[in-house]
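Asker: Structure below; questions to follow.
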Amino acid sequence: GTANVTAATTTILPAISANDKITPLILAGLGITQSELGMLFGLLGVDTSIDQTIGIDLLSALYRHALLARGLRLSIEDFVNLLLLIPGGNPVTSLAQTTPLAELAAWFTKAPLTISEMLLIVKGMESSGLQFAVTPNTVAAAVIEIQDSAVADKKDKVELLQAYLQRTYNLTADQLLNEFFPELLSFSLASPEIAKALNATFTGNKPNTPADLDGLFTIMKELERYTLLFNKTIADAGMISFVISNKGAFG
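Note that the sequence shown ends on residue 334 in this note's numbering; no numbers are left out.
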């Protein structure tokens, strides 16, 4: 088991799982699952696609992080994500790092947002508990719907996109056009990136050039992140407007 490894002792963690007799011992010693071990390996920069040497230093780091997660009453995933929310997002190697970590964990016990929600909002990173609702497939479906409506109803595609975004993210025209687009989003409705998405060609509901949809995909993910933040923390539309117009003061 892990307790029997000394500084002079190392063993090989094979990349091929059929040859792996080490992982079950590590899991038993740490009291975590295989997926959680994978998260800790990722945090520590251990590439399990190739054979790895397992020694006392790595085992100590794994134990330290598993113990910290348990002490903070966090799952391994939430613990790793909490570290990512701290500037640097580095593995814990000193006692000094534990203070801001504990303070942030304590803040989340009373916060209106979960760690997974904050990670999506701040970093745009998904977790097992929270993924983006928007996907390349939903973007493609939206563009096809807009293109079909533009032909059938003889409407402008940009106006149809504006209406689609207002419906999808529950925003008024004033919020979308005068606050979100100019202050928060990467591209405007008039940008070449959005024009490229709206004029993308499809075969069997699949874009012929998937990259044509990237600009629209980007702003839809940004809208999802911002609306999640505001819906969870600020219910008043006037306060949302104030925060957006003074976003430099709020970070």
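Backbone N, C-alpha and C fix where the C-beta goes; we use that ideal spot for every residue, glycine too.
If R147 sits next to V175, beta carbons under 8 Å apart, how far is it from one beta carbon to the other, in whole angstroms?
Answerer: Yes, R147 and V175 are in contact; Cβ-Cβ is about 6 Å, under 8 Å.
Asker: Say whether the region 224-234 touches the region 260-274, bearing in mind that this needs 3 or more beta-carbon pairs closer than 8 Å, one atom from each stretch.
Answerer: With the cut-off at 8 Å, the region 224-234 and the region 260-274 do not touch.
Asker: Apart from the five residues just before and just after A86, which ones in its own chain have a Cβ nearer than 6 Å to its Cβ?
Answerer: Interpretation of A86 is limited by its pLDDT of 39, a score under 50 that renders its predicted location unreliable; the figure taken from the coordinates is listed afterwards. Result list for A86: empty, nothing under 6 Å.
Asker: Around the C-beta of M201, are 16 or more other C-beta atoms found within 10 angstroms, so that it is buried, or is it exposed?
Answerer: M201 comes out buried.
Asker: Spatial neighbours of S324 within its chain, please: C-beta separation below 8 Å, excluding the five flanking residues on both sides.
Answerer: Cβ neighbours of S324 beyond the five flanking positions: Q258 and E262.
Asker: Do the region 235-248 and the region 175-194 make contact, defined as three or more Cβ pairs closer than 8 Å?
Answerer: No, because fewer than three Cβ pairs between the region 235-248 and the region 175-194 fall closer than 8 Å, the two stretches do not touch.
Asker: Compute the Euclidean distance between the alpha carbons of Q135 and S274, then round it to the nearest angstrom.
Answerer: Straight-line Cα distance between these residues: approximately 48 Å.
Asker: Closest to K315 by C-alpha separation, out of R250, I198, S328 and Y247, would be which residue?
Answerer: Answer by Cα proximity: I198.
Asker: Under a Cβ-count criterion, where at least 16 other Cβ atoms within 10 Å of its own Cβ denotes burial, should I133 be classed as buried or exposed?
Answerer: I133 is exposed by the Cβ-count criterion.
Asker: DSSP puts K289 in a beta bridge; with which residues?
Answerer: Paired residues: T286.
Asker: Just how far apart, CA to CA, sit M322 and L312?
Answerer: So the two alpha carbons sit approximately 13 Å from each other.
Asker: Quick one: grab the DSSP three-state call for Q135.
Answerer: Strand, per DSSP.
Asker: Let me know the secondary structure DSSP gives A86 once reduced to three states.
Answerer: Low local confidence applies: a pLDDT of 39 at A86 is under 50, so the model's placement there is unreliable, with the coordinate-based value given in what follows. It is helical.
Asker: Closest to L296 by C-alpha separation, out of E307, Y309, E305 and A278, would be which residue?
Answerer: Nearest option by C-alpha distance: A278.
Asker: Rounded to the nearest angstrom, what separates N253 and P219 at their Cα positions?
Answerer: Going by the C-alpha atoms only, they are around 21 Å apart.
Asker: So what does DSSP say about I159, is it helix, strand or coil?
Answerer: Residue state, collapsed to three classes: helix.
Asker: Within 10 angstroms of its Cβ, does E119 collect 16 or more other Cβ (buried), or is it exposed?
Answerer: Counting Cβ neighbours within 10 Å, E119 comes out buried, since at least 16 surround it.
Asker: What does a CB cutoff of less than 8 Å around G172 pick up in its chain, not counting 5 residues either side in sequence?
Answerer: Around G172: L166.
Asker: Return the CA-CA distance between I204 and G125, expressed in angstroms with no decimal places.
Answerer: Going from the Cα of I204 to the Cα of G125 covers about 21 Å.
Asker: Just to confirm before moving on: does the CB-CB distance between I159 and M122 stay below 7 Å?
Answerer: Taking 7 Å as the Cβ cut-off, I159 and M122 qualify as a contacting pair.
Asker: For the beta strand (DSSP E) holding T336, just list the boundary residues, first then last.
Answerer: The structure shown has nothing for residue 336, since the chain only spans 84 to 334.
Asker: When the Cα atoms are used, what is the spatial distance from T255 to T310?
Answerer: Looking at the two C-alpha atoms, the distance is approximately 12 Å.
Asker: Between the alpha carbons of D130 and L150, how many angstroms are there, rounded?
Answerer: Their backbone Cα atoms lie some 22 Å apart in a straight line.
Asker: Using DSSP's beta-bridge definition, name the partner residues of S210.
Answerer: According to DSSP, which records beta bridges pairwise, S210 is partnered with L213.
Asker: Confirm, please, whether the CB-CB distance from F162 to K304 is below 7 Å.
Answerer: No. Outside cutoff.
Asker: Leaving out five residues before and five after F270 in sequence, what residues of the same chain have Cβ atoms less than 6 Å from its Cβ?
Answerer: Taken in chain order, the residues that qualify are E276, I277, G298 and I302.
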